[in-house]
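Peer 1: Dropping the structure in here first, questions after.
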Amino acid sequence: MAPTSRSEHEIQLSKNAKVARNQQAIYEKGTTGIAKEKARIDCLMSLVALISMIIAVIVFLVYLFIYGFHFSSEKCPSTLPIPAPLVSPPSPEWIMFQLADNVYHKDPEEPERKN
């Protein structure tokens with residue numbers, strides 16, 4: 798064997814190292830590709846969420862414009878008639894009569910109060 802020639806074992810080790818480097822490069826490229834794809838999907842989801850929020854704000858503003866300002870062109874709510882109560886309030890005479898009736902018709906069971 799010549800001192801400059803490589804042995805079969807060294808050649809095999811060199812080939813194995815070359816294959817291992819290629820496999821490592823393929824693996825790193827694959828994981829980088831997966832990371833890029835995940836980042837792309839995350840960006841797309843964020844974009845969809847942003848567009849959805851913008852649409853929701855626009856719909857809300859349109860709702861306010863249609864229904865919020867719609868009533869201002871009609872009668873002002875403060876000028877609408879106040880509905881009458883279902884039961885009329887008692888008259889002052891009736892209140893005074895009830896108070897006087899309570900004073901003169903005391904419950905006989907109730908003891909006298911001392912002030």
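876 is the number that this note's numbering gives to position 79 of the sequence shown; each next residue is one higher, with no gaps. A virtual CB, placed ideally from N, CA and C, is assigned to each residue, including glycine. Remember, it's a predicted structure, so these values are computed and weren't measured experimentally.
So within the region 810–840, which uninterrupted beta strand (DSSP E) runs reach at least 3 residues, ignoring any that extend past its ends?
Peer 2: none
Peer 1: How long is the line joining the alpha carbons of F862 and I855, rounded to whole angstroms?
Peer 2: 10 Å
Peer 1: Can you give the Cα-Cα distance for I838 and A832, rounded to whole angstroms?
Peer 2: 10 Å
Peer 1: How is P889 classed by DSSP in three states: helix, strand or coil?
Peer 2: helix
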